[in-house]
Amino acid sequence: MAPLTPDEADRLFAPFAGFSALGLAVSGGADSSALFHLAADWAARRPDHPRLVVLTVDHRLRPGAAAECAAVVRMAAERRIAAEILVRPPDLRSGPLLGDIQAAARRARYDLLVAAAHRHGLGAVLLAHHLDDQAETLLLRLARGSGLRGLSGMRPVRLVGGVAFHRPLLGVPAARLRATLIARGLRWIEDPSNADPRFARSRLRALMPELAAAGLQPERLADTAARLARASSLVDAVAGDLRAAAVTDHGGYLSVDRARLAAAHPEAALRVVADAVRDLRRADYGPRLAPLEDWHARFLAGAPPTRLTLGGVVIDAARRERLWLYPEAGRGGFEVLDDPPDGTILWDGRLRLELVREAKAGTLQLAALGAAGRRDLARLGHRLPGPARASESVPALKRPDDGALLAVPAAGFCVAGVRLCSRPVSA
-19 MAPLTPDEAD RLFAPFAGFS ALGLAVSGGA DSSALFHLAA DWAARRPDHP
31 RLVVLTVDHR LRPGAAAECA AVVRMAAERR IAAEILVRPP DLRSGPLLGD
81 IQAAARRARY DLLVAAAHRH GLGAVLLAHH LDDQAETLLL RLARGSGLRG
131 LSGMRPVRLV GGVAFHRPLL GVPAARLRAT LIARGLRWIE DPSNADPRFA
181 RSRLRALMPE LAAAGLQPER LADTAARLAR ASSLVDAVAG DLRAAAVTDH
231 GGYLSVDRAR LAAAHPEAAL RVVADAVRDL RRADYGPRLA PLEDWHARFL
281 AGAPPTRLTL GGVVIDAARR ERLWLYPEAG RGGFEVLDDP PDGTILWDGR
331 LRLELVREAK AGTLQLAALG AAGRRDLARL GHRLPGPARA SESVPALKRP
381 DDGALLAVPA AGFCVAGVRL CSRPVSA
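Residue numbers for the sequence shown follow our numbering, beginning at -19 and rising by one.
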């Protein structure tokens, strides 16, 4: 295939002309190296170009990773572009399965990139996913039994932690990116894990030539993903209206109007419940579709399980008018933070809180309300709606010595000298 022309590159990067600073996520592989050089060339052609910052992540999962990151920094320095190596502490090896390690690495990568974007004042971070990646993603999700949203593939723009991640190369075949590098005599690093048959994506990639010969070319698969994304956006709009009418946020758990959910189109109802589960756990994805569909069928038949856990969230159908969804404590329980700092806190990996306290407030502890806290709150004249386990999962500020309640944002309760506010579950 032919390399990308400057005119084509200008069109790809035109949406970023008004940005003051852009991050480039670069591993040193062919795809991200092409992204780097294309973006650098585009910026060089513009007198008012954004400031570019290269971000490269060392997951500490392979012996050569540090050297590869250093090579990326040198590549950026040759173009007089700032670069930073983002290092993940070596705690990813603890995952028992390869898939778990890959998922943990992906989460760690986004966490590091989000923090770096805020630190550098970046308007967006550009990722190097391309058309072939999109085709593979569609097939992988099809094999996992994903629904309409999953089969829509990767989105051109994704918001994570207040940072916009853009994929400007999503419509470009991988072969054209490599051709662009080859035409300029540029090198790249081959990641051995890309061909490791232990990983599902690598096994699928090896099958792509046979699939293309059967008519399933990457371009056709990517077109299908785009059409499914268009349909999924319609479901999102309908589900958004349903959520606004049927779902109530109780400051850490949710309730859903049973009658409205039962009357809704099944696709919209499934989307609302899936999004609620995802948001309550601040997960990247919702629960698996098959068990959710089974639950919904039983719900429509009037015989849902009294309690069912999906994706770490309990769906409690014991009450007549509303469903109650709340996070499951799990083996380790909810997070306990001793003497949390003032400012924004991500508690239990799921709720963003704002803490403000006076100097004389003393030592504090941020933890789940719990059964004892729920009883203390009731004695203080504040009651939370729904099942006890739901209300016991909300965050509470306490004195660690005697457990006295100081603030429970879900109940609008706080004592003088401290203020703890909670953002909506979906925020």
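All residues carry an ideal CB built from backbone N, CA and C; glycine is no exception.
| Check | Outcome |
| --- | --- |
| Cβ contact check for the segment 363 to 371 and the segment 225 to 233: 3 or more pairs under 8 Å | yes |
| Host beta strand (DSSP E) of L32 (start-end) | R31 to D38 |
| Element boundaries [beta strand (DSSP E), containing T289] | R287 to L290 |
| Three-state secondary structure (DSSP) of G3 | strand |
| Presumed contact (8 Å Cβ cut-off) between A115 and L201, rounded CB distance | 4 Å |
| Limits of the beta strand (DSSP E) - the one that P307 falls within | R302 to P307 |
| Whole-number beta carbon distance between A104 and A62, since they are thought to touch under 8 Å | Not a contact, Cβ separation roughly 16 Å. |
| Among E301, H29, L335 and L305, nearest to L414 - alpha-carbon criterion | The structure shown does not extend to residue 414, since the chain is modelled only from -19 through 407, so no value can be given for it. |
| Test item: CB-CB of F(-1) and W22 under 7 Å | no |
| Continuous beta strand (DSSP E) stretch holding L187: start and end | Not the beta strand (DSSP E): L187 falls in the alpha helix (DSSP H), residues A180 to A193. |
| Option in A85, H29 and G9 with minimal Cα separation from R40 | A85 |
| 7 Å Cβ cutoff met for P285 and S373 | no |
| L420 vs L357 beta-carbon contact at 7 Å | No answer is possible for residue 420: the residues shown for the chain start at -19 and end at 407. |
| Supposed contact pair G383 and A351 - C-beta distance, whole angstroms, cut 8 Å | With a Cβ gap of about 11 Å, A351 and G383 do not count as contacting. |
| Burial state of D28, where buried means 16 or more other Cβ atoms lie within 10 Å | exposed |
| Where P271 sits in the DSSP three-state scheme | helix |
| Continuous beta strand (DSSP E) assignments of at least 3 residues falling wholly in the segment 38 to 124 | 62 to 67 and 104 to 106 |
| Distance, P43 Cα to R119 Cα | Inspection of the sequence shows that residue 119 is occupied by Leu rather than by Arg. Their Cα atoms are separated by approximately 31 Å. |
| Contact under 7 Å by Cβ, V94 with G141 | yes |
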